[in-house]
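Undergrad: In our numbering, the protein residues as written are 1 to 292.
Cβ coordinates follow ideal geometry from the N, Cα and C atoms, glycine included.
Please read these numbers as outputs of a predicted model, since none were measured by experiment.
1. Between which two residues does the beta strand (DSSP E) carrying residue 261 extend?
2. Hey, how far is the Cα of residue 168 from the Cα of residue 35?
3. Can you list, in chain order, the residues of its chain whose CB lies under 7 Å from that of residue 71, leaving out five sequence neighbours each side?
4. For residue 153, which residues of its own chain have a beta-carbon under 6 Å away from its beta-carbon, when the five flanking residues on both sides are left out?
5. Taking residue 119 and residue 95 to be in contact with their CB atoms under 8 Å, please state how far apart those CB atoms are, rounded to whole angstroms.
6. My output table needs one value for residue 5: the three-state DSSP class, helix, strand or coil.
7. Distance check for residue 188 and residue 282, CA to CA, integer angstroms please.
8. Is residue 265 close to chain C? Criterion is C-beta to C-beta, closer than 8 Å.
9. Measure how close the beta-carbons of residue 29 and residue 45 come, nearest whole angstrom, since I'm counting them as under 8 Å.
10. Between which two residues does the beta strand (DSSP E) containing residue 118 stretch?
11. Should residue 290 go down as buried or exposed, given a rule of 16 or more other Cβ atoms within 10 Å for buried?
12. Expressed to the nearest angstrom, what Euclidean distance is found between the alpha-carbon atoms of residue 223 and residue 252?
13. Closer than 8 Å is the cut-off here; do at least three beta carbon pairs connect the stretch 226-236 with the stretch 263-276?
14. At which residues does the alpha helix (DSSP H) containing residue 170 begin and terminate?
15. Does the Cβ of residue 292 have 16 or more other Cβ atoms within 10 Å, making it buried, or fewer, making it exposed?
16. Keeping to the same chain, check which residues put their C-beta closer than 6 Å to that of residue 41; ignore five residues upstream and five downstream.
17. Would residue 33 be called buried (16 or more neighbouring beta carbons within 10 Å of its own) or exposed?
18. Checking the sheet assignment: what are the DSSP bridge partners for residue 51?
19. My guess is that residue 51 and residue 26 are in contact by the Cβ rule of under 8 Å, so how many angstroms apart are they, rounded?
20. Excluding the five sequence neighbours on either side, which residues of its own chain have a C-beta within less than 6 Å of the C-beta of residue 227, listed in chain order?
21. Whole angstroms is fine: what's the gap from residue 62's alpha carbon to residue 17's?
22. How many whole angstroms separate the CB atoms of residue 171 and residue 148, which I take to be in contact at a CB cut-off of 8 Å?
23. Can you check whether the CB of residue 64 is closer than 8 Å to the CB of residue 194?
24. Along the chain, which unbroken stretches of the alpha helix (DSSP H) at least 4 residues long are found entirely within the stretch 176-263?
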């Protein structure tokens with residue numbers, strides 16, 4: 001089962017597109033800064049026993065038509081509207097699943113809505129290091145995507161040729177091509193990416209002042225949390241997004257959390273490689289031995 005069905009949720013300036021699939025306990029899945037809801041499509045195929053809700057965040061995918069202001073507070077307001085729409089069905093506290101900066105967003109959402117969020121599953125989330133908490137900053141890396149997001153292309157093939165140089169698309173698979181195709185609009189000579197660079201940039205700048213806020217929210221967590229950590233970084237470099245130092249510090253800050261290491265995964269393959277997605281799905285479903 002894949003993320004083929006969509007609902008529209010009323011938010012400031014229009015409607016937020018939320019893809020969904022499966023039946024069972026509700027999981028709200030938040031993509032990272034440069035993603036869209038199809039970031040979770042492979043997981044949806046594995047996690048059919050949950051009702052997976054995967055929004056295109058403001059400025060991305062089919063939510064790209066929503067106006068500013070962009071930034072973290074706008075995302076939190078949009079997601080509060082999604083929670084209200086879901087809670088109207090009396091589903092009880094939900095699980096929030098987040099990748100990269102979507103994980104940090106999930107932490108803030110849980111802090112803002114403790115009665116509606118019952119569990120966190122964070123996948124190579126952008127978590128504050130001790131140094132970032134001391135400075136109050138939280139730097140979110142914005143890959144060099146501006147050229148492909150703001151240019152017009154003669155064909156989809158021309159766009160593919162440029163996209164393949166991005167770390168997220170290094171392993172070009174049918175899933176990656178579907179994900180990329182979803183981003184594109186226009187015909188011959190007018191192909192462009194629908195995601196708004198201004199929205200990505202606003203998020204990256206907004207996160208800079210959020211390090212202390214995210215750390216305080218983590219320290220105040222009163223719900224079960226699972227942290228899945230890739231062993232390698234955004235470009236498969238040996239330095240992971242979440243350092244060993246940060247893991248040790250956060251383990252003291254959130255002692256009840258479960259930490260799971262995927263040493264062979266990088267920041268992107270952890271959600272788009274079949275083997276790694278199986279492990280993420282097992283943790284999401286509370287079946288940590290299922291992938292073995």
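TA: From the atom records:
1. Looking up residue 261 in the chain shown gives position 261. The continuous beta strand (DSSP E) containing residue 261 extends over residues 258-262.
2. One-based indexing of the chain shown puts residue 168 at position 168. One-based indexing of the chain shown puts residue 35 at position 35. The alpha-carbon atoms of residue 168 and residue 35 are separated by roughly 10 Å.
3. Taking the first residue of the chain shown as position 1, residue 71 is located at position 71. Within the same chain, residue 71 has close Cβ partners 202, 203, 206.
4. Here the question's residue 153 lines up with position 153 in the chain shown. For residue 153, where only same-chain residues beyond five positions count, the Cβ hits under 6 Å are 159, 191.
5. Here residue 119 refers to the residue found at position 119 of the chain shown. Here residue 95 refers to the residue found at position 95 of the chain shown. The Cβ separation is near 4 Å, so the contact holds.
6. The residue you call residue 5 lines up with position 5 of the chain shown. Secondary structure of residue 5 (DSSP, three-state): strand.
7. Within the chain shown, residue 282 is the residue found at index 282, counting from 1. Within the chain shown, residue 188 is the residue found at index 188, counting from 1. Approximately 42 Å between the Cα atoms of the pair.
8. Included in the structure is just one protein chain, with no chain C present.
9. In the chain shown, the residue the question calls residue 29 occupies position 29. In the chain shown, the residue the question calls residue 45 occupies position 45. Residue 29 to residue 45, Cβ: 13 Å. No contact.
10. Working through the chain shown from its first residue, we reach residue 118 at position 118. Counted as a single uninterrupted DSSP element, the beta strand (DSSP E) harbouring residue 118 occupies residues 117-123.
11. For this step, residue 290 is matched to residue 290 along the chain shown. Residue placement at residue 290 cannot be trusted, given a pLDDT of 46 that sits under 50; what the coordinates show is reported in the next sentence. By the 16-neighbour rule on beta-carbons within 10 angstroms, residue 290 is exposed.
12. Start at 1 with the first residue of the chain shown, and residue 223 comes out as number 223. Start at 1 with the first residue of the chain shown, and residue 252 comes out as number 252. Approximately 16 Å, taken between the alpha carbons.
13. Yes, the stretch 226-236 touches the stretch 263-276.
14. As a position in the chain shown, residue 170 is number 170, starting the count at 1. Segment: none, residue 170 is in no alpha helix (DSSP H) and carries neither H nor E.
15. To locate residue 292, count along the chain shown from 1; it is residue 292. Confidence in residue 292 is poor, its pLDDT being 40 and thus under 50, which makes the residue's placement too unreliable to answer from.
16. Here residue 41 corresponds to residue number 41 of the chain shown, with the count starting at 1. So the qualifying residues of the chain are 2, 3.
17. Translated into the one-based positions of the chain shown, residue 33 becomes position 33. Residue environment: residue 33 is assigned as buried (16 or more neighbouring CB atoms within 10 Å of its CB, all protein chains considered).
18. Along the chain shown, one-based indexing puts residue 51 at 51. Note: residue 51 sits in a beta bridge opposite 26.
19. Locating residue 51 in the chain shown gives position 51, counting from the first residue. Locating residue 26 in the chain shown gives position 26, counting from the first residue. Cβ atoms of residue 51 and residue 26 come within 8 Å of each other, at about 5 Å.
20. Taking the chain shown and counting its residues from 1, the one referred to as residue 227 is at position 227. Same-chain partners within the cutoff: 122, 257, 259.
21. Taking the first residue of the chain shown as position 1, residue 62 is located at position 62. Taking the first residue of the chain shown as position 1, residue 17 is located at position 17. Roughly 6 Å between the two C-alpha positions.
22. Counting from 1 along the chain shown, the entry for residue 171 is found at position 171. Counting from 1 along the chain shown, the entry for residue 148 is found at position 148. About 18 Å separates the Cβ atoms of residue 171 and residue 148, ruling out a contact at the 8 Å cut-off.
23. Here residue 194 refers to the residue found at position 194 when the chain shown is read from its first residue. Here residue 64 refers to the residue found at position 64 when the chain shown is read from its first residue. Taking 8 Å as the cut-off, the Cβ atoms of residue 194 and residue 64 count as close.
24. Fully enclosed alpha helix (DSSP H) runs of no fewer than 4 residues occupy 197-207, 211-219, 244-253 of the stretch 176-263, in order along the chain.
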